[in-house]
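Residue numbers (the numbering used here), protein chains in the order written: chain A, 1 to 329; chain B, 1001 to 1329.
Glycine is no exception: its CB is placed at the ideal position from the N, C-alpha and C atoms.
2 protein chains.
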Amino acid sequence: MSLGEFDLISRYFKQTNELANDNGVEIGIGDDCAILDLPDGYQLAVTTDSLVAGVHFFEDVCPYRLGYKSLAVNLSDLAAMGAEPKWVSLAITLPRVDEPWLSEFSRGFFDLARKHNVTLIGGDTTKGPLSITVSAKGIVPRNKALLRSGAQVGDLICVSGTLGDGALGLASKFDTLALSDSAVFVDALELTEPRNQLGKQLINYASSCIDISDGLIQDLHHIVEASQCSAQIDVENMPLSDAMLGEIKMHHVTEQQALQYALAGGDDYELLFTISAQHYSELCLHNLSDKVTVIGKINANNDIKVNLTKAGEIINLQLAGWDHFKKNK
Amino acid sequence: MSLGEFDLISRYFKQTNELANDNGVEIGIGDDCAILDLPDGYQLAVTTDSLVAGVHFFEDVCPYRLGYKSLAVNLSDLAAMGAEPKWVSLAITLPRVDEPWLSEFSRGFFDLARKHNVTLIGGDTTKGPLSITVSAKGIVPRNKALLRSGAQVGDLICVSGTLGDGALGLASKFDTLALSDSAVFVDALELTEPRNQLGKQLINYASSCIDISDGLIQDLHHIVEASQCSAQIDVENMPLSDAMLGEIKMHHVTEQQALQYALAGGDDYELLFTISAQHYSELCLHNLSDKVTVIGKINANNDIKVNLTKAGEIINLQLAGWDHFKKNK
């Protein structure tokens, strides 16, 4: 691509970036670096995620949704630390300059950025195979970040929102499933809502936290391994959406399949956190931004890191992906 | 790639990262975000650059040098702001897990990181076409960052080091050039030394600064446009390396070619800055980390943004790439 074409891209993202200069941004796009102000008493939280065509999305994905999701997955990592999103860098590699595509991509990206008051502070546009790397930065009160390593024996295990819809949405893109309304599940997959407001509310209450990107059980493993404990999850308490319950009722999805999506599906981007019973009762006095469900509790360290229970009894659910996961971890 | 293979990559970069926990890093690799401490009185400087195979480098490039350079170009952006490098995120997309390649890539990356006391604080590894996105973060005393926009009429224009070697190195990779020693020029291209020490020394002295990635004239344009002034450059003052002067003496390179490389070649990663005569004389009292040469001065705003002079007279040098650049900017 010629300089002129790249100039156009930079100008495009610069114009759309109306929040710059109002968010601790002393210097935004247009110099060698961005220069940013952190408020006193805060630490910087930084996360980076890449989305690559053919791996994380299909080349013909709706660009609005790709722009939206490439930011959403990064904001979700900030949410998992209790951090308030502030700034984002975007490195985008494109096979060619395609103005309608860029227009839609940036519309999706900035629709979510505006909602969370996030300012684009720089990045890079390059010619090459389509991929997006987003680095999001947020602020968190000093020494208050929600880590994976703080879970204590006896803590409750909680999850925000509902689980499994995104995984069913992904399945419906690969297979022809007889669903009453597949769009709601595809929306859950592609227009995921990062839980940054809830993440901030969990500060001073939750003992550990992670966002669910790879599936509840896999991400719970990260918590119990970092915290040197084990967990039990009551499958009867799994929060399923009304849409998922509707599909079960219509016999489009079995209960076993719904559990598979909820426990091992991934792409939920809900917050999974642990909290003492005392703190949980205090937390519930707040007007929480999202629904929170208690799904289990933390036990002492054990060779079996995560047990599933039903009516108080340990069950052995055959989940696809489960053996593979255990083998690799 | 399986989870296991990606685990290996993460572990690999984690092990090599011996500086973590000693650089304001409260949480490094291994949680949802890194958590970083900025010292009081400092601002955050952030830059992001992507290197894509087939665009910025050949797929068969020496991985040590690719690892080194992918960090070097980002540190150079921090140098141009006068920022001290602290932290870096690395997003790397690979067609397959190739341990010898990764070992060499990370050796080059960390050799430079150690030299500048930079800590790897996170990133992402993905399967896909080879590309590298680095986001480097540094600190700069509040309101002291060196911007492009501060040049004043009458300021001297200075450049660090020597110019043109990297461009000749690049040319020697495309064409068979009769050079006495092409390795020194290829080294200048691939093992570029970012000028972070000098950048810090320029704080409180330089009125504007940029690093030369696209060629002296093109990057000088960024300064004079941001500062609303014009510039004149005396081509007789161009700092050329002993190696380049040797090739001219041997008639392997003409003086005109050497000027072309020095003025419009790019890939120098030297600092280009403006400074008042008073500040320049004060700066020269310091033990500067790199050679600095005065190459011109800043004039009042004008339609012609950059004039080249020889013996005080404006000359019209026919530089390849020059018209293309003017047209696009």
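Report the residue ranges of all alpha helix (DSSP H) runs contained in full by the segment 227–271 of chain A; include only those spanning at least 4 residues, in chain order.
Counting only runs of 4 or more, we get 242–249, 255–264.
Which class does residue 92/A belong to by DSSP, given the choice of helix, strand or coil?
Here residue 92/A sits in strand by DSSP.
State buried or exposed for residue 113/A, treating a residue as buried only when at least 16 other CB atoms are found within 10 Å of its CB.
Per the 10 Å Cβ criterion, buried.
With a threshold of 16 other CB atoms inside 10 Å of the CB of residue 1095/B, please say whether the residue is buried or exposed.
Exposed, by the Cβ-count rule.
Using a 10 Å radius around the Cβ and a threshold of 16 neighbouring Cβ atoms, would you call residue 186/A buried or exposed?
With 16 or more other Cβ atoms within 10 Å, it is buried.
Inspect the CB distances between the segment 1280–1288 of chain B and the segment 1231–1242 of chain B and report whether three or more fall short of 8 angstroms.
In short, these stretches do not touch, since the Cβ pair count stays below three.
Report the rounded CA-to-CA distance for residue 1296/B versus residue 1279/B, giving the unit in angstroms.
If I take the Cα positions, the gap works out to 15 angstroms.
List the residues of chain B whose Cβ lies closer than 8 angstroms to the Cβ of residue 195/A, in chain order.
Chain B residues near residue 195/A: none, gap ~12 angstroms exceeds 8 angstroms.
My output table needs one value for residue 1099/B: the three-state DSSP class, helix, strand or coil.
Here residue 1099/B sits in helix by DSSP.
Where does residue 1197/B fall in DSSP's three states?
Reduced to three states, the DSSP call for residue 1197/B is helix.
Should residue 1094/B be flagged as near chain A, meaning a C-beta pair shorter than 8 angstroms?
No - not a single Cβ of chain A is within 8 angstroms of the one on residue 1094/B.
Residue 208/A bridges to which residues according to DSSP?
Per DSSP, 274/A.
Please confirm whether residue 1318/B has its beta-carbon closer than 8 angstroms to some beta-carbon of chain A.
Closer than 8 angstroms: no.
Counting only Cβ-Cβ distances shorter than 8 angstroms, please list the residues of the segment 112–129 of chain A near chain B, keeping chain order.
Against chain B - using a Cβ distance shorter than 8 angstroms - the residues of the segment 112–129 of chain A are 121, 122, 123, 124, 126, 127, 128, 129.
If you pair each beta-carbon of the segment 82–91 of chain A with each one of the segment 1141–1160 of chain B, do three or more pairs fall below 8 angstroms?
The segment 82–91 of chain A is not in contact with the segment 1141–1160 of chain B.
Compute the distance between the beta-carbons of residue 1031/B and residue 1134/B, then report whether it is under 8 angstroms.
No, they are not a contact pair.
Who pairs with residue 316/A in a beta bridge, going by DSSP?
DSSP lists no partner for residue 316/A.
Return the bridge partner residues of residue 408/A from the DSSP annotation.
Residue 408/A lies beyond the range of chain A shown here (1 to 329); nothing can be said about it.
I need the boundaries of the beta strand (DSSP E) containing residue 307/A, first residue and last residue.
306–310 is the span of the beta strand (DSSP E), which, as asked, contains residue 307/A.
For a contact meaning CB atoms closer than 7 angstroms, what does residue 60/A contact in chain B?
Residues of chain B passing the Cβ test: none, with the nearest at roughly 16 angstroms.
Please confirm if the segment 1200–1216 of chain B is in contact with the segment 1266–1279 of chain B, defined as three or more CB-CB distances below 8 angstroms between the two stretches.
Because the criterion of three Cβ pairs below 8 angstroms is met, the segment 1200–1216 of chain B and the segment 1266–1279 of chain B touch.
Does the CB of residue 1321/B have a neighbour CB from chain A at under 8 angstroms?
At residue 1321/B the pLDDT is 48, less than 50, meaning the model places this residue with poor confidence; the figure from the coordinates comes in the next sentence. Cβ-Cβ to chain A under 8 angstroms: no for residue 1321/B.
Which partner residues of residue 1133/B appear in the DSSP bridge assignment?
DSSP, once it has assigned bridges, lists 1050/B, 1091/B as partnering residue 1133/B.
Apart from the five residues on each side of it in sequence, which residues of its chain come closer than 7 angstroms, Cβ to Cβ, to residue 200/A?
Only 82, 84 meet the Cβ criterion.
Give a yes or no on whether 8 angstroms exceeds the smallest Cβ distance from residue 230/A to chain B.
Not closer than 8 angstroms to any Cβ of chain B, the Cβ of residue 230/A fails to qualify, so no.
Where does the unbroken alpha helix (DSSP H) through residue 1187/B begin, and where does it stop?
1182–1190 is the span of the alpha helix (DSSP H), which, as asked, contains residue 1187/B.
Please identify, using Cβ separations under 7 angstroms, the residues of the segment 65–83 of chain A that lie next to chain B, in order along the chain.
So the list reads 77, 78, 80, 81, 83, given in the order they occur along the chain.
For residue 1045/B and chain A, any beta-carbon pair shorter than 8 angstroms?
With 8 angstroms as the cut-off, residue 1045/B counts as an interface residue toward chain A.
Anything in chain B within Cβ reach of residue 48/A, meaning under 7 angstroms, just list it in chain order.
Within chain B, the residues near residue 48/A are 1089, 1091, 1122, 1123, 1124, 1135.
From residue 1110/B to residue 264/A, what distance separates their C-alpha atoms?
Approximately 36 angstroms, taken between the alpha carbons.
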